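Please read the structure below before turning to the comments.
There are 2 protein chains.
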Amino acid sequence: MSTDGVSSGATRGRPRSDQVDQAILHAASALLVERGLDAMTIEEVAARAGVGKSSIYRRWPTKGTLALDAFLDSFLAQQPRVDTGALEDDLAEALTLWSAAVVGTPTGRALVGLIAESQLDEELARGWIERVMKPVRAQHRTMVERAIERGEIPVDSDVDVIMDLLYGAAYHRLLQGHLAITPAFIETVARMVAQGAKSGAAVAR
Amino acid sequence: MSTDGVSSGATRGRPRSDQVDQAILHAASALLVERGLDAMTIEEVAARAGVGKSSIYRRWPTKGTLALDAFLDSFLAQQPRVDTGALEDDLAEALTLWSAAVVGTPTGRALVGLIAESQLDEELARGWIERVMKPVRAQHRTMVERAIERGEIPVDSDVDVIMDLLYGAAYHRLLQGHLAITPAFIETVARMVAQGAKSGAAVAR
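So the sequences go chain by chain: A and B. Take my numbering: the final residue in the first sequence is number 205, and no numbers are missing along the way. Take my numbering: the final residue in the second sequence is number 1205, and no numbers are missing along the way.
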């Protein structure tokens, strides 16, 4: 009855496979927190999950793509939608939530590890954009779209540049470590981005 | 005559040591361009420079710190001071020079490799801040200080936040790869940051 013509034990394949996937993801999550992506090995994940390495490589071709899946649910759950009714407050609140999720946390260590690894692993880089950047940005851009609907900022404002300024400033400090991400920093960044957008500066010329 | 009490061949040590250092740095620069920091090994650098590995490890404890030195001169030389007489134009010009130096170039590959490696190598992370971020920022902040002197923006504007917005937005696209760094992007970022600063939004409350 298999639809793809593959018959090797396929009748029990799906439920067993889901359990194996969950065991692998849980093991990877724990190891990411304990020692970080660079020190994590597929061997360790396999040992802790009680599966063979081939079970891992069948679904995740590199440790980076496995770590991405292990990271994703926890990060996205910590980035809820905000809606205060004012652009500057929305931006400050969203950046405060992001900061709480990643500054000095296991999630943040996984985040910077994944960004570092994605410079070396093209498949991970593609997965990062498709599975992290795009869904997170789709969620964040509703803040700017509501500001447009309210008439706070011009209708043809470049939403991507607004997002790049807000999160780019914060990622800059997170990744390069030259200065701390403080509440005062978050407030000033949110005010700068909101005031710039209100002035019409985000409209492409 | 040695002032530090070390006498092992010290009389000819300094000039020979400088030549060895230069040979090591040239070999590391070439390998960084050819294959990137992740694939570069100290063994290869030693072989190409015609020195023993211990000659390298004596001065550079990790390959990251060696790569930092090999990267530094070329990057800093490509970030000259700009002074157009207007903040927005200065910011756009500086970001255009940065983009020309790093987008799709060997210098850019070395740059992202070093940022990635600095997430794993604390000594490199410290070196990155002290030897790249601080001197580059000291140079860039003169753009904002001149805008303050001209009365374009308030005297108590937060220069670091202004720099983090400008370069953070650009590093965000460079490192995360979700969108391209285009001339239109650079113009809009420069306009947003300049207009936000002119509105007084960069003054801490």
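Here a beta-carbon is modelled for each residue, glycine too, at the ideal position from N, C-alpha and C. Quick caveat, the model's predicted, so the values are computed rather than measured.
Contact with chain A by residue 1068 of chain B, beta-carbon distance below 8 Å: Answer no: the Cβ-Cβ gap between residue 1068 of chain B and chain A never drops below 8 Å.
Buried or exposed by the 16-neighbour rule on C-beta atoms within 10 Å, applied to residue 1019 of chain B: With fewer than 16 other Cβ atoms within 10 Å, it is exposed.
Backbone secondary structure at residue 1118 of chain B - three-state DSSP: In this structure, residue 1118 of chain B counts as helix in the three-state DSSP scheme.
Collapsed DSSP secondary structure at residue 1157 of chain B in the structure displayed: Three-state result, residue 1157 of chain B: strand.
Own chain partners of residue 1142 of chain B with C-beta closer than 7 Å, once the 5 adjacent residues on each side are dropped: Excluding residues within five positions, the ones whose Cβ falls inside 7 Å are 1081.
Proximity test, Cβ basis, 8 Å: residue 1267 of chain B and chain A: Past the boundaries of the shown model lies residue 1267 of chain B; chain B is included only from 1001 to 1205, so the question cannot be answered.
Sheet register partners of residue 203 of chain A (DSSP bridge): Per DSSP, A:157.
Interface positions of the region 124-145 of chain A facing chain B (Cβ-Cβ less than 9 Å), listed along the chain: Under the 9 Å Cβ criterion, the region 124-145 of chain A contributes 125, 126, 128, 129, 132, 133, 134, 137.
Test: residue 115 of chain A CB closer than 8 Å to a CB of chain B: So yes, residue 115 of chain A belongs to the interface.
Of the residues A:67, A:152, A:186, A:133, the one placed nearest residue 1205 of chain B, counting alpha carbons only: If you compare the alpha carbons of A:67, A:152, A:186, A:133 with that of residue 1205 of chain B, the shortest gap goes to A:186.
Residue 98 of chain A to residue 166 of chain A span [Cα, whole Å]: About 11 Å.
Residue environment, residue 194 of chain A, which counts as buried when at least 16 other CB atoms sit within 10 Å: Buried.
First and last residue of the uninterrupted alpha helix (DSSP H) at residue 52 of chain A: No alpha helix (DSSP H) holds residue 52 of chain A; DSSP gives it neither H nor E.
Identity of the residue in B:1188, B:1184, B:1197, B:1190 nearest residue 190 of chain A by Cα: Considering only B:1188, B:1184, B:1197, B:1190, the residue with the shortest C-alpha distance to residue 190 of chain A is B:1197.
Partners in chain A for residue 1072 of chain B, counting only beta-carbon separations shorter than 8 Å: Within chain A, no residue comes near residue 1072 of chain B; the closest Cβ sits about 15 Å away, beyond 8 Å.
Given 8 Å, three or more beta-carbon pairs between the region 1063-1070 of chain B and the region 1123-1133 of chain B: A contact exists between the region 1063-1070 of chain B and the region 1123-1133 of chain B.
Residues within the region 1162-1183 of chain B neighbouring chain A, beta-carbon criterion of under 8 Å: Those would be 1162, 1164, 1165, 1167, 1168, 1169, 1170, 1171, 1172, 1173, 1175, 1176, 1177, 1178, 1179, in chain order.
Beta carbon proximity, residue 187 of chain A to chain B, threshold 8 Å: So yes, residue 187 of chain A belongs to the interface.
Assumed close pair residue 1157 of chain B, residue 1202 of chain B - CB separation to whole angstroms, cut-off 8 Å: Correct: roughly 4 Å between the Cβ atoms.
Environment of residue 151 of chain A [buried if 16+ CB atoms lie within 10 Å]: Exposed.
Under 9 Å from the C-beta of residue 205 of chain A: neighbouring residues of chain B: Using a Cβ-Cβ cut-off of 9 Å, residue 205 of chain A is close to 1184, 1187, 1188, 1191 of chain B, given in chain order.
Touching by the beta-carbon criterion (3+ pairs, under 8 Å), the region 1050-1062 of chain B and the region 1108-1116 of chain B: The region 1050-1062 of chain B makes no contact with the region 1108-1116 of chain B, as fewer than three CB pairs between them are under 8 Å.
Residue-chain proximity (residue 160 of chain A, chain B), Cβ-Cβ < 8 Å: True, the Cβ-Cβ gap to chain B drops below 8 Å.
Alpha carbon of residue 179 of chain A to alpha carbon of residue 17 of chain A, nearest angstrom: For residue 179 of chain A and residue 17 of chain A, the distance between alpha carbons rounds to 45 Å.
Contact belief for residue 1168 of chain B with residue 168 of chain A at Cβ below 8 Å, rounded distance in angstroms: Yes, they are in contact, since the Cβ atoms of residue 1168 of chain B and residue 168 of chain A sit about 4 Å apart, within 8 Å.
Contact set between the region 1047-1061 of chain B and chain A, restricted to residues whose Cβ is under 9 Å from the partner: For the region 1047-1061 of chain B, which is checked against every Cβ of chain A, not one residue is closer than 9 Å.
Same chain only: Cβ atoms within 8 Å of residue 6 of chain A, ignoring 5 sequence neighbours per side: Below a pLDDT of 50, predicted positions are generally treated as unreliable, and residue 6 of chain A, at 39, falls in that range; no measurement from the model is reported.
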